[in-house]
Each structure stands twice: as C-alpha cells, then as structure tokens.
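Start counting the sequence shown at 68; every next residue gets the next number (the numbering used here).
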Amino acid sequence: MTGSEIPEDIKIAKDGEAVRTLGAWVGNKVKQVDVWTCTLDKIEENLGRWELGHPTMEGCQLIIIMVVSGMTQYLTKVQGMPANVEKWLEH
C-alpha cells in the first residue's frame, strides 16, 4: 500500500450522507431536517406511549422535560435546530 491508497475497510460518505460523530451528524450537503427526523420520530413515539397513561398537568410537564428536552438538548447544542423542527416541537 502506498501513501495515496485508501484501505478497502474505510468508508467514505457520499455527498448528502450524514455520519454520526460524537453525537453530531456531519457530512457534505447534509440536510439538517433529515438529521432531526429520527429524533422527532422517537419523541412522537414516546409522547404517544406516555399519553396512554392519561397524565395529570404536572405529569405532562415532567414528561415534556424528560422526553422532549432530554432528546433534543445535546443535539441542538452540537447540531443546531432548524426553524421548522422548532415549530414542530412547539405544536
């Protein structure tokens, strides 16, 4: 192997393909909304599960803190949050 060859086991991401590194999704031409899709799906699933228990107002507040804040805080810090994702979370 010369210095210019890339080993076969090294994966090179294509344009538009996000790679997770230390909790952030990076890559060329990556759409930020696509990065958030998995997190938003998890939030929706968790909130739906909690709703089955008919929580009180206080319970709803705690659930929002645990689920929404817990799943978005780090990703927002390292990735940023697109405006349309923020609007979706506010509904």
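For each residue, glycine too, the CB sits at the ideal point set by N, CA and C.
These figures come from a predicted structure and were not determined experimentally.
*State the Cα-Cα distance for the pair Met-138 and Lys-78, rounded to the nearest angstrom.*
If you take the alpha carbons of Met-138 and Lys-78, they lie about 28 Å apart.
*Mind reading off the beta-carbon distance from Val-135 to Leu-107? Whole number of angstroms is fine, and I expect it under 8 Å.*
Contact doesn't hold; Cβ gap of about 10 Å is too wide.
*Give me the Cα-Cα distance between Gly-70 and Val-100, rounded to the nearest whole angstrom.*
Inter-residue distance for Gly-70 and Val-100 is about 37 Å (C-alpha atoms, whole angstroms).
*To the nearest angstrom, report how far apart Trp-92 and Trp-117 are at their CA atoms.*
Going by the C-alpha atoms only, they are around 28 Å apart.
*Let me know the alpha helix (DSSP H) ranges lying completely inside the region 105-149, each 4 residues or longer, listed in chain order.*
You should have 124-130, 137-146.
*Looking at the unbroken beta strand (DSSP E) that takes in Ala-85, where does it start and where does it end?*
For Ala-85, no beta strand (DSSP E) encloses it, and the DSSP letter there is neither H nor E.
_Cut-off 8 Å between Cβ atoms - residues of its own chain near Val-145, not counting five sequence neighbours on either side_ = Leu-89, Gly-90, Ala-91.
*Excluding the 5 residues preceding and the 5 following Glu-75 in the sequence, name in chain order all residues of the same chain whose CB lies nearer than 6 Å to its CB.*
Cβ neighbours of Glu-75 beyond the five flanking positions: none.
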